[in-house]
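Data block below; observations after.
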Amino acid sequence: MSADLPPVKRYRREEKDSDASDHEENDDKYVPYVPVKERKKQQLLKMGRIVQLTAEASNVGKSSSENEHDDENAEEAWGRKFNISLLDQHTELKKIAEAKKISAVEKQLKEEEKILESVAEKKALMGVAELAKGIQYEDPIKTSWKPPRYILSRTDASHERVREKMRILVDGENVPPPICSFREMKFPKAILAALEKRNIRKPSPIQVQGIPAVLSGRDLIGIAFTGSGKTLVFVLPIVMFSLEQELRLPFISKEGPYGLIICPSRELAKQTHDIIQYYCQHLQMSGMPEIRSALAIGGVPVNDALATIQQGCHIMVATPGRLMDMLDKKLLKLDVCRYLCMDEADRMIDAGFEEDIRTIFSYFKGQRQTLLFSATMPKKIQNFAKSALVKPVTINVGRAGAASMNVTQDVEYVKQEAKVVYLLDCLQKTPPPVLIFAEKKQDVDAIHEYLLLKGVEAVAIHGGKDQEERYRSVEGFRNQEKDVLVATDVASKGLDFPDVQHVINYDMPDDIENYVHRIGRTGRSGSKGLATTFINKATEQFVLLDLKHLLIEAKQKVPPFLGELCSETEKYADLGDGCSYCGGLGHRITECPKLEAIQSKQASNIGRRDYLSNTAADY
Numbered sequence: 001m002s003a004d005l006p007p008v009k010r011y012r013r014e015e016k017d018s019d020a021s022d023h024e025e026n027d028d029k030y031v032p033y034v035p036v037k038e039r040k041k042q043q044l045l046k047m048g049r050i051v052q053l054t055a056e057a058s059n060v061g062k063s064s065s066e067n068e069h070d071d072e073n074a075e076e077a078w079g080r081k082f083n084i085s086l087l088d089q090h091t092e093l094k095k096i097a098e099a100k101k102i103s104a105v106e107k108q109l110k111e112e113e114k115i116l117e118s119v120a121e122k123k124a125l126m127g128v129a130e131l132a133k134g135i136q137y138e139d140p141i142k143t144s145w146k147p148p149r150y151i152l153s154r155t156d157a158s159h160e161r162v163r164e165k166m167r168i169l170v171d172g173e174n175v176p177p178p179i180c181s182f183r184e185m186k187f188p189k190a191i192l193a194a195l196e197k198r199n200i201r202k203p204s205p206i207q208v209q210g211i212p213a214v215l216s217g218r219d220l221i222g223i224a225f226t227g228s229g230k231t232l233v234f235v236l237p238i239v240m241f242s243l244e245q246e247l248r249l250p251f252i253s254k255e256g257p258y259g260l261i262i263c264p265s266r267e268l269a270k271q272t273h274d275i276i277q278y279y280c281q282h283l284q285m286s287g288m289p290e291i292r293s294a295l296a297i298g299g300v301p302v303n304d305a306l307a308t309i310q311q312g313c314h315i316m317v318a319t320p321g322r323l324m325d326m327l328d329k330k331l332l333k334l335d336v337c338r339y340l341c342m343d344e345a346d347r348m349i350d351a352g353f354e355e356d357i358r359t360i361f362s363y364f365k366g367q368r369q370t371l372l373f374s375a376t377m378p379k380k381i382q383n384f385a386k387s388a389l390v391k392p393v394t395i396n397v398g399r400a401g402a403a404s405m406n407v408t409q410d411v412e413y414v415k416q417e418a419k420v421v422y423l424l425d426c427l428q429k430t431p432p433p434v435l436i437f438a439e440k441k442q443d444v445d446a447i448h449e450y451l452l453l454k455g456v457e458a459v460a461i462h463g464g465k466d467q468e469e470r471y472r473s474v475e476g477f478r479n480q481e482k483d484v485l486v487a488t489d490v491a492s493k494g495l496d497f498p499d500v501q502h503v504i505n506y507d508m509p510d511d512i513e514n515y516v517h518r519i520g521r522t523g524r525s526g527s528k529g530l531a532t533t534f535i536n537k538a539t540e541q542f543v544l545l546d547l548k549h550l551l552i553e554a555k556q557k558v559p560p561f562l563g564e565l566c567s568e569t570e571k572y573a574d575l576g577d578g579c580s581y582c583g584g585l586g587h588r589i590t591e592c593p594k595l596e597a598i599q600s601k602q603a604s605n606i607g608r609r610d611y612l613s614n615t616a617a618d619y
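Just so you know, full-length UniProt numbering puts 306 at position 306 of the sequence shown, and the rest follows in order with no gaps.
Quick look at the structure:
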């Protein structure tokens, strides 16, 4: 019976099921009608999301809930843009662009900090023995000098007013008060008469603050523009300290020196020594004991210095090379030396004398008063130098590396082949004496020969000439027997020539600091001067950018061909002045050519040292 039953039509049931499922799917796909207004709103939201991406970048550090909340707010805000004016939308977009710019500035700052950290000196500027034994001095040296009572009784506010009036910036603990006359500094009558004879009647700003600080026994970093009288800040106190030591206990044979002054060039050392002798002779003529000073520089026999040491030496002026040689050969001892001055300190460190200076420090047998002076001392070298000083006082008159405001700076475009001929026209601008600077020794010789042929009374100095000839040239120019001095940068650091009215830069130096030192040979001690500089296509662009910003800072006329140049500094004007490594105003540390040159030099030295050590090992 069961076989006769009809088969079950399952396919019909399956069809029915599939129809139902299709109907359900159709129900899911059904989209209700959306009004036109709502559709426009959604479209605007999509457009708003594009701009919103800029805001999302700043929300990376926020929690997810905060981000969701911000997204909703942003969508709501951008959803209403259709009824906001274009001007308001433009203002908002401008704000977003400004925010982006700020983040770029922050990025630049972080990058610069990293570079400064990487080039920061790891070793302190201290003696090897002191570093090895962990010797650290906590308090400055004490001296018998004190400011007059009526000056000490004045309030800090009155001292600050004096500094503000003279534009003196000071930094340090318990800074001694500024004193505005040499008489109040308690110098003897013989010194006052000697100053009067040289037409120095009142102290310059660096002397007003610097001399009391040095007489008080404080370590010092002194920064002031060229020709501002920095030399007297360290010369007068060392003469007085030496006189005090001689009066207490006369110096015996081979004793001394009590004070040591290190200079980067022979000419500057000779000039400093002559100034010291001038004041010592005036003291001796007034009945005071003899203060003996020695000069130790390369190119001259060491016998003169040894003769003074044999009698007992109070003060020594030296260049690093000759000083190191004398210390190595035990011709000189620094056992009683308590006063160290480094003139043009940054130039010595830049010139590669840093290790020599560390070695010289290790010859001292006790604490010393250390003074560092320069016209151009970037922040990097100031920080490095502070490691050698005890509670130092930093005195700044004007920006480190700024040009003297007494010098009128003319920059002229002169083709390379026309320079020598154009020199004669430039010499007509002012009466003699005139200084001409060139980068290369062969250029100095060529200019000198050309001027002699044209009947100009000229002399020349550079590193290739022997010391006797250099002396004769400098003295002839200083005594105004010669009208023109042609020189390399050997004559640009610290040399003081009276009445130089005009400095000509035959070519622009590779370093803006050298330019500042060169033009500082004129416009000294409050007088006015002129500096003419030749530039052309051969001059590097980074130097021209630094020169442009230096001219702007000194309120000088900027020629059109310089004004057209644009630098990275102008993009990041909010970050402050120029490069924190070399002090140039036309670039940032990220593109500092000086730093790049030093790093490449170090890299090449490392390679050469490795090669030499390997070859030595082979043999």
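Each residue gets a CB set at the ideal place from its N, CA and C atoms; glycine is no exception.
Query raised in the report: At which residues does the beta strand (DSSP E) containing R222 begin and terminate?
Result: A quick correction: the sequence has Gly, not Arg, at residue 222. Where G222 is concerned, the enclosing beta strand (DSSP E) stretches over L220 to A224.
Query raised in the report: Any contact of the region 444 to 459 with the region 480 to 491, i.e. 3+ C-beta pairs under 8 angstroms?
Result: Verdict: yes, contact present.
Query raised in the report: Can you give, in chain order, each stretch of the alpha helix (DSSP H) that sits fully within the region 486 to 551 and has at least 4 residues?
Result: 512 to 519
Report task. Can you have a look at I135 and say buried or exposed, based on whether 16 or more other CB atoms are within 10 angstroms of its CB? Result -> exposed
**Report entry** Straight-line Cα distance separating S473 from R167
**Finding:** In this structure, the CA atom of R167 is about 37 angstroms from the CA atom of S473.
**Report entry** Residue nearest to D466 in terms of C-alpha spacing, selected from E267, D156 and R154
**Finding:** D466 has its Cα closest to that of E267, out of E267, D156 and R154.
Query raised in the report: Using a Cβ-Cβ cut-off of 7 angstroms (strictly less than) and excluding sequence neighbours within five positions of A194, which residues of its own chain qualify?
Result: Closer than 7 angstroms at the Cβ level, and outside the excluded window around A194, lie Y278, Y279 and H282.
Query raised in the report: Is any beta-carbon of chain D found at less than 7 angstroms from that of A388?
Result: The structure shown contains no chain D; it holds only a single protein chain.
Query raised in the report: Among K146, T539, S144 and V516, which has the Cα closest to the Cα of V414?
Result: Here the closest residue by C-alpha is T539.
Query - For V500, the nearest candidate out of I519, K493 and D171 (CA to CA) - result: The option with the nearest alpha carbon to V500 is I519.
Query raised in the report: Nearest to R161 by CA position, among C180, L562 and Q271, is which residue?
Result: C180
Query - Touching by the beta-carbon criterion (3+ pairs, under 8 angstroms), the region 253 to 260 and the region 328 to 344 - result: yes
Query raised in the report: Which parts of the region 249 to 300 are runs of the beta strand (DSSP E), unbroken and 3 residues or longer, counting only runs that do not cross its ends?
Result: 259 to 262 and 293 to 296
Query raised in the report: CB-CB under 6 angstroms to E290, same chain, minus the five flanking residues each way: which ones, in chain order?
Result: Q284
Query raised in the report: Among L323, G529 and D343, which residue has its Cα nearest to the Cα of V407?
Result: G529
Report task. May I ask you to report which of helix, strand or coil DSSP gives V34? Result -> coil
Requested in this report: Tell me whether the beta-carbon of P432 lies closer than 7 angstroms to the beta-carbon of I221.
Outcome: no
Query raised in the report: Is it right to say residue 624 is buried, meaning 16 or more other beta carbons lie within 10 angstroms of its own, or is it exposed?
Result: Here the chain covers residues 1 to 619 and nothing more, so residue 624 does not appear.
Query raised in the report: Who are the Cβ neighbours of L215 in its own chain at under 6 angstroms, not counting the five residues just before and after it?
Result: W145 and P237
Query raised in the report: Which one of F182, L334, I141 and L169 has the shortest CA to CA distance from P147?
Result: F182
Requested in this report: Within the same chain, show all residues whose beta-carbon is closer than 6 angstroms to that of E457, passing over the 5 residues directly before and after it, in chain order.
Outcome: K482 and D483
Query raised in the report: Taking Cβ positions, are I206 and S242 nearer each other than 7 angstroms?
Result: no
Query raised in the report: For D343, which beta-bridge partners are listed by DSSP?
Result: F373
Query - Under 7 angstroms between C-beta atoms of L565 and L545 - result: yes
Query raised in the report: Under 7 angstroms, do A224 and V397 count as touching if we go by C-beta distance?
Result: yes
Report task. Rank N479, C592 and G563 by C-alpha distance to the C-alpha of D510 and give the top, closest one. Result -> C592
Query raised in the report: CB F497 to CB R470, shorter than 7 angstroms?
Result: no
Requested in this report: Use the C-beta contact count for residue 620: other C-beta atoms within 10 angstroms, 16 or more gives buried, fewer gives exposed.
Outcome: Because residue 620 is not part of the residues shown, which for the chain are 1 to 619, the question remains open.
Query raised in the report: Rounded C-beta distance between N505 and F437? I'm assuming under 8 angstroms.
Result: Right, the Cβ-Cβ distance comes to about 5 angstroms (below 8 angstroms), so this counts as a contact.
**Report entry** Pairwise C-alpha distance: K555 and Q42
**Finding:** 58 angstroms
Query raised in the report: For V420, which of K454, M405 and S387 has the nearest alpha-carbon?
Result: K454
Query raised in the report: Taking 6 angstroms as the cut-off, does the CB of Q277 come closer than this to any heavy atom belonging to the ligand GTP?
Result: Ligands displayed in this structure: none; no statement on the ligand GTP is therefore possible.
Query raised in the report: Ordered along the chain, which non-local residues of its own chain (more than five positions away) have a Cβ less than 7 angstroms from that of G210?
Result: L220, G222, V233 and I395
**Report entry** Nearest to N199 (by Cα), restricted to the options K254, M185, S527 and E130
**Finding:** S527
Query - Assumed close pair S226, D343 - CB separation to whole angstroms, cut-off 8 angstroms - result: Checking the sequence shown, residue 226 turns out to be Thr, not Ser. That belief does not hold up - the Cβ atoms of T226 and D343 are roughly 12 angstroms apart, past 8 angstroms.
Query raised in the report: Which residue spans inside the region 393 to 475 form an unbroken alpha helix (DSSP H) run of at least 4?
Result: 419 to 427 and 441 to 453
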